[in-house]
Amino acid sequence: MTAIPQNEPLIEQKTKEKIKKWSFSRLSMFEGCQRQFYYKYILELPYPSAYPMRIGKIFHTAIDLMVKEGYSPHEALYYSIGVNEGLPEGEKTSFLLYMLRKAYERIPNLEYAEISSEVHLEIKTTKGIVHGYIDLIIDDPSQDLIELWDYKTSWHAFSAETHMQLPLYGWLYQQLKYTGSNFKGRLIFPRLDPENDTVVDLTVDKLTEARNWLVRTINQIEAKNPDVLEDWEMCKDRSKCDYCPFVSRCAGTLLNGLPSTGEPTSIKEAEQIGAFILAQETALKNMKNGLKKWVEENDPVKVGAGSWVHQASEPKAKCEDVEALVDYAIRYGLDIKEALSAKSATLDKWLQQDETGELNQLISYSKGRKSLRFVN
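Residues in the sequence shown are numbered consecutively from 0, following numbering that gives the first Met the number 0.
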């Protein structure tokens, strides 16, 4: 890698003390939100795993066990859930099992191919160590083919052409190993059908583009002043704040300089107030989720004359076989319109009147929804 000119000694020294390794996730975080990068890597504040990260860890651990150790999807998933702090609330094991099966089925059965999982690549550069983990490598000498795969557990697909992760991994791989004449990267979206997977040809131009992005982004980071918070910009896309653990800090800094009345006197102040409100809404949502988890695992939290408590709503009656319910209503002279709507209150009333036990066979109950409430 070509030597990169040094920045001012103060900035260079402080930044390098904090950052010894560079990875795609680290660089893309800076690109997405400099302030988040500052809090995590410069100040080294705690960074708990958000919901998408926990799902990703569970999936990646499980698929690695399936490829390397021959675990079944069930064995791999339940082991992975155990070592990754449990299954996040709201996610279902059936969905993850489906994803694991779909991801494993995508791996081609090639006679001469060598398939490797969770491969760590690392090289030393003039800017420190650059490293990354490749989820799957397919090396087929019969086709002079090398494919680098990365699994994405998101609900939406995106292009491997415009995403810099696989080209950067390709550049890393090129520094260490033979790439063959047919060098590709593939993004796998196991929540979606195979046709949603995207491919990029890892050409010389593409690898050069990734290398230049790496150098450019590191240069931008090292040009920042680690002693000045305002030098690290907040992202303007507030949707990226949804799972950020630092959103409360950002919301607090946005308050500085705003009019106490809340009434803007200029378009700049109006934009600042709008940004502050969005950040506060996200911060409050994250705080409430955190408090909910604390109360659920510990005890109610007393505040003044009341307490934050964890409550579960009552299970509600439901009927998924509406056709059978309508038939029941016709036979017993009940309102057909009520059968078609199948409201919980209606089902409860009919259950109390039913002496045959037939309705019990049609009705099931939803799980009570857990929520955080403040009660006096």
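Note that the Cβ used here is the ideal one computed from N, Cα and C, for glycine as well.
Source: prediction; values computed, not measured.
How should residue i be labelled, buried or exposed, when 16 other C-beta atoms within 10 angstroms of its C-beta is the threshold for buried?
{"i": "Ala2", "result": "Its pLDDT being 39, under 50, Ala2 is placed unreliably by the model, and nothing is read from it."}
{"i": "Asp236", "result": "exposed"}
{"i": "His59", "result": "buried"}
{"i": "Gln12", "result": "Reliability of the predicted coordinates at Gln12 is poor, the pLDDT of 44 falling under 50, and no value is obtained from them."}
{"i": "His155", "result": "exposed"}
{"i": "Asn288", "result": "exposed"}
{"i": "Ile217", "result": "buried"}
{"i": "Phe182", "result": "buried"}
{"i": "Ser370", "result": "exposed"}
{"i": "Gln164", "result": "buried"}
{"i": "Asp241", "result": "exposed"}
{"i": "Ala222", "result": "exposed"}
{"i": "Tyr412", "result": "Here the chain has residues from 0 to 375 only, and residue 412 is not among them."}
{"i": "Thr14", "result": "Any answer about Thr14 is weak, because its pLDDT of 48 lies below 50 and its placement is not dependable; what the coordinates show is given next. Buried: at least 16 other Cβ atoms inside 10 Å."}
{"i": "Ala269", "result": "exposed"}
{"i": "Ser265", "result": "exposed"}
{"i": "Ser93", "result": "exposed"}
{"i": "Leu339", "result": "exposed"}
{"i": "Asn83", "result": "buried"}
{"i": "Ile187", "result": "buried"}
{"i": "Pro8", "result": "With a pLDDT of only 35 at Pro8, under 50, the local geometry of the prediction cannot be trusted, and the value read off the model is given with reservation. By the neighbour-count rule (16 or more Cβ atoms within 10 Å), Pro8 is not buried but exposed."}
{"i": "Asn211", "result": "exposed"}
{"i": "Ser24", "result": "exposed"}
{"i": "Pro107", "result": "exposed"}
{"i": "Val129", "result": "buried"}
{"i": "Leu95", "result": "buried"}
{"i": "Ile335", "result": "exposed"}
{"i": "Leu361", "result": "buried"}
{"i": "Ser384", "result": "Given a span of 0 to 375 for the chain in the structure shown, any question on residue 384 remains unanswerable."}
{"i": "Ser116", "result": "buried"}
{"i": "Ala61", "result": "buried"}
Can you give the beta carbon distance from residue i to residue j, rounded, assuming they're within the 8 Å contact cut?
{"i": "Phe245", "j": "Leu26", "result": "That belief does not hold up - the Cβ atoms of Phe245 and Leu26 are roughly 18 Å apart, past 8 Å."}
{"i": "Ile145", "j": "Asp138", "result": "6 Å"}
{"i": "Pro87", "j": "Tyr46", "result": "Actually they are not in contact, since the Cβ atoms of Pro87 and Tyr46 sit about 16 Å apart, beyond 8 Å."}
{"i": "Leu147", "j": "Gly169", "result": "6 Å"}
{"i": "Glu354", "j": "Tyr327", "result": "Actually they do not touch by this definition, with Cβ atoms about 13 Å apart."}
{"i": "Ala75", "j": "Leu99", "result": "7 Å"}
{"i": "Tyr203", "j": "Glu160", "result": "The sequence shown places Val at residue 203, rather than the Tyr named in the question. Incorrect: roughly 15 Å between the Cβ atoms, too far for contact."}
{"i": "Gly184", "j": "Leu201", "result": "5 Å"}
{"i": "Leu290", "j": "Val300", "result": "7 Å"}
Taking the Cβ atom as the reference point for each residue, do residue i and residue j lie within a distance shorter than 7 Å?
{"i": "Leu171", "j": "Leu213", "result": "no"}
{"i": "Val374", "j": "Val294", "result": "no"}
{"i": "Ser158", "j": "Thr197", "result": "yes"}
{"i": "Ser22", "j": "Gly131", "result": "yes"}
{"i": "Pro140", "j": "Tyr97", "result": "no"}
{"i": "Ala341", "j": "Val321", "result": "yes"}
{"i": "Pro225", "j": "Ala102", "result": "no"}
{"i": "Leu167", "j": "Ala209", "result": "yes"}
{"i": "Ile54", "j": "Thr152", "result": "yes"}
{"i": "Ile122", "j": "Gln174", "result": "yes"}
{"i": "Gln310", "j": "Arg248", "result": "no"}
{"i": "Ala250", "j": "Gln279", "result": "yes"}
{"i": "Phe29", "j": "Ile272", "result": "no"}
{"i": "Ser330", "j": "Pro193", "result": "Here residue 330 turns out to be Arg, not Ser, going by the sequence shown. Contact flag unset, no."}
Legend entry - Contact the stretch 37-51 vs the stretch 223-242: 3+ CB pairs below 8 Å: yes
Legend entry - Contained beta strand (DSSP E) runs [length at least 3] in the stretch 212-271, N- to C-terminal order: none
Inset, instruction - Would you mind listing the alpha helix (DSSP H) stretches within the stretch 162-209 that are 4+ residues and don't spill past its ends, in chain order? - result: 164-175
Legend entry - Validate contact between the stretch 59-72 and the stretch 19-33 using beta carbons, cut 8 Å, 3 pairs: no
Legend entry - Contact the stretch 284-295 vs the stretch 341-356: 3+ CB pairs below 8 Å: no
Legend entry - Stretch-stretch touch, CB-based, cutoff 8 Å, three pairs: the stretch 311-318 with the stretch 354-371: yes
Legend entry - Inside the stretch 32-80 only - alpha helix (DSSP H) runs reaching at least 4 residues: 33-36 and 50-68
Inset, instruction - Enumerate, from N- to C-terminal direction, the unbroken beta strand (DSSP E) stretches of 3 or more residues contained entirely within the stretch 73-129. - result: 113-124
Legend entry - Length at least 4, wholly inside the stretch 339-374: the alpha helix (DSSP H) runs in chain order: 343-352
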